[in-house]
Structures are given as C-alpha cells and as structure tokens.
Amino acid sequence: MLRPQRTAFTRSSRRPPALGRLASLALLLTLAACTPPQFEGPQIQAPPEGFFYDANSSQARKVFDDREVLAEGAWLSNLADEDELSVISLTTFRGPVTRAEVEAAREALIARWGRPTTEYGPVRTYRIDDRDAWGWLETNRFGGSLRSRELKVVVPYDSVSYAIEFYTRDPLFLEPAELEAVVGTFAVGRTEWNLPGLALGALIALVVLALLRERLRAYVERRTAPDPRTREMRLARIPTPGGDAPPRGDAGAGAGGAAAAPPSPRADRAPEPPSGGDAPPPPV
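Using this note's numbering, read the sequence shown as starting at 1 and increasing by one per residue.
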C-alpha cells in the first residue's frame with residue numbers, strides 16, 4: 001500500500017509556519033499604525049443618518065461677504081418636506097479669522113438680514129477639531145412657536161477658515177445640544193500614522209523578506225544538487241576489473257534484454273531415422 005510522502009508542506013499544514021505568523025504580525029502592525037478618517041479633507045465626519053452630500057450646493061447668505069470663497073458644499077435631508085428640512089452648509093474662506101471678525105460678521109448679518117421673529121444668540125467659543133471656533137445660534141419663531149434653528153460656527157486654520165451652518169426644521173435636531181453635536185464632528189480628515197508601530201512593522205517585514213530569501217536559496221540548492229540515490233545506481237552498473245563481467249560481445253544482449261541461450265546438446269548428434277524405416281548403413 002502506497003503512503004503519501006510527508007513533505008515540508010504537509011507538516012506545515014497542521015499549524016501556521018513561523019514565517020506566516022511573522023508576516024501576519026507585520027501586516028497587523030501596519031494596519032494598526034494608520035488611522036484613516038471617515039472622510040478625507042474638511043468635512044462633517046459623522047453626518048446624521050439620512051443626509052446626503054451635494055458638492056454643488058452653495059449658501060445664498062454667507063457669513064462673510066468680504067472674503068474670497070474657495071469651496072462650497074452641503075449635507076441635505078428631507079428636501080421634499082419643508083416642515084422637516086435640514087441643511088448643513090460648508091463654506092471655505094481664504095485666510096484665518098479671529099473672534100472679533102466673527103462678532104463683526106454677526107453684527108453685519110443682523111443689520112442686513114435681521115428679522116423681528118429671529119433671536120440671535122451671543123458669540124460663543126466652541127472646541128472643534130482640537131482648536132477654538134466661534135459661532136452663534138439663531139432661533140426662528142412663528143406665531144410664538146418654535147419654527148426652526150440655525151447654528152453658525154467658524155473654524156479658523158492657518159490659511160483658510162471653514163463656516164459650518166446647520167439649519168433645521170426637523171424636531172430631531174431643534175435642541176441646541178443636537179446641533180452642536182453634529183457640527184462638533186467637523187474636522188479636516190487626514191490619515192494619522194503611528195511612527196513607532198509603523199517602524200516595528202517595517203522591521204518585521206524585513207525579517208520576513210530575509211527568511212524568504214534564505215528559504216528560496218536552500219530550495220534552489222536542493223533542486224540543483226544531484227540525487228545520491230541516482231549516483232549509487234549508476235555505480236552499481238559499472239563492472240569492476242577482474243570480475244564476472246559478461247563478454248564484450250554479449251554486452252549488448254545483457255543491456256538489451258535476456259542473455260543468449262546455450263547451444264542445444266542435440267546439435268552434435270546425428271539425426272535419428274524415421275520411425276519404421278531402415279537405418280542408414282554405417283560409414284566405411
């Protein structure tokens with residue numbers, strides 16, 4: 001009964017080899033060393049469920065009328081129902097701003113677009129994307145009842161400033177805390193790298209490559225080295241001097257098949273007479 005030959009591959013099938021475990025560890029460390037954001041670039045990182053992003057949307061009444069606009073976009077929800085409409089506008093302005101500039105923008109907006117039915121809250125400081133931001137809350141009432149709310153916040157950076165304006169009529173977001181929670185997820189999303197973990201993963205990857213190279217070299221040497229069993233078989237076929245080697249003339253027969261049969265002992269005898277006949281006379 002033939003049994004399958006046990007090789008390095010059959011032995012390693014029982015448990016993962018050390019090389020595979022090292023490669024898996026290097027991959028896990030590399031993945032753990034990077035933390036990708038929910039959205040790349042300046043964006044609301046946790047938009048509410050049911051919102052969709054429109055990169056072509058723009059704000060008619062901007063926070064700053066005297067600053068250059070670099071980009072615009074908005075998250076939208078419930079467009080078909082005006083009673084529950086929600087819009088989160090994102091506007092990128094050139095250059096950083098200060099709290100005083102935000103307060104001046106609020107006063108200019110009230111002077112131009114202010115209405116008696118709208119309450120304008122004071123400018124407050126918010127903490128967004130690990131930096132100070134400034135904004136205010138607007139509350140719209142109609143007939144004494146709450147109609148809508150809008151939170152306007154400006155987040156300054158080194159070369160640009162982002163204005164986030166969350167306007168809603170949806171009862172789910174009319175509370176100021178709900179508006180602040182959504183706007184507070186704004187961030188300039190970027191992939192963060194943990195350098196120590198990345199360096200350790202790279203070191204393990206180099207070790208894996210070195211082990212692979214060593215195994216490949218050993219495999220090539222095994223494949224190219226002569227088989228000692230084949231060499232022994234060839235040596236066994238070579239006749240030794242003075243031994244019982246077959247004659248040179250019979251070498252081909254020995255190599256090609258069975259040895260030639262010895263001559264028959266009946267070849268040197270005279271043929272026998274046929275049965276019932278006279279025997280031939282003896283020779284004179």
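Here a beta-carbon is modelled for each residue, glycine too, at the ideal position from N, C-alpha and C.
Residue from the options with nearest C-alpha to residue i
{"i": "residue 126", "options": "48, 154, 47 and 59", "result": "154"}
{"i": "residue 65", "options": "177, 147, 182 and 93", "result": "93"}
{"i": "residue 136", "options": "175, 165, 70 and 113", "result": "165"}
{"i": "residue 158", "options": "96, 221, 47 and 188", "result": "96"}
{"i": "residue 180", "options": "146, 156, 138 and 144", "result": "138"}
{"i": "residue 88", "options": "183, 108 and 187", "result": "183"}
{"i": "residue 176", "options": "187, 152 and 156", "result": "152"}
{"i": "residue 109", "options": "132, 60, 98 and 43", "result": "60"}
{"i": "residue 41", "options": "102, 104 and 129", "result": "129"}
{"i": "residue 124", "options": "143, 99 and 105", "result": "99"}
{"i": "residue 84", "options": "225, 173, 131 and 224", "result": "173"}
Counted within 10 angstroms of its Cβ, other Cβ atoms place residue i as buried (16 or more) or exposed
{"i": "residue 209", "result": "exposed"}
{"i": "residue 73", "result": "buried"}
{"i": "residue 338", "result": "For residue 338 there is no data in the structure shown, the boundaries of the chain being 1 and 284."}
{"i": "residue 148", "result": "buried"}
{"i": "residue 156", "result": "buried"}
{"i": "residue 107", "result": "exposed"}
{"i": "residue 101", "result": "buried"}
Inter-residue Cα distance where the pair is residue i and residue j
{"i": "residue 50", "j": "residue 214", "result": "55 Å"}
{"i": "residue 81", "j": "residue 122", "result": "30 Å"}
{"i": "residue 150", "j": "residue 167", "result": "4 Å"}
{"i": "residue 54", "j": "residue 116", "result": "32 Å"}
{"i": "residue 285", "j": "residue 211", "result": "Residue 285 lies beyond the stretch modelled for the chain, which goes from 1 to 284, so this question has no answer here."}
{"i": "residue 76", "j": "residue 171", "result": "15 Å"}
{"i": "residue 162", "j": "residue 206", "result": "43 Å"}
{"i": "residue 57", "j": "residue 79", "result": "13 Å"}
{"i": "residue 47", "j": "residue 216", "result": "51 Å"}
{"i": "residue 86", "j": "residue 169", "result": "6 Å"}
{"i": "residue 185", "j": "residue 52", "result": "16 Å"}
{"i": "residue 119", "j": "residue 141", "result": "8 Å"}
{"i": "residue 63", "j": "residue 145", "result": "26 Å"}
{"i": "residue 43", "j": "residue 114", "result": "29 Å"}
{"i": "residue 188", "j": "residue 133", "result": "14 Å"}
{"i": "residue 160", "j": "residue 112", "result": "25 Å"}
{"i": "residue 10", "j": "residue 221", "result": "Because residue 10 carries a pLDDT of 46, less than 50, the predicted location of this residue cannot be relied on, and no value is offered for it."}
{"i": "residue 45", "j": "residue 223", "result": "56 Å"}
One or two residues paired with residue i in a DSSP bridge
{"i": "residue 124", "result": "135"}
{"i": "residue 151", "result": "137 and 166"}
Ignoring anything shorter than 4 residues, give me the alpha helix (DSSP H) runs that lie fully in the segment 68-119, in order along the chain. Qualifying alpha helix (DSSP H) stretches, in chain order: 99-113.
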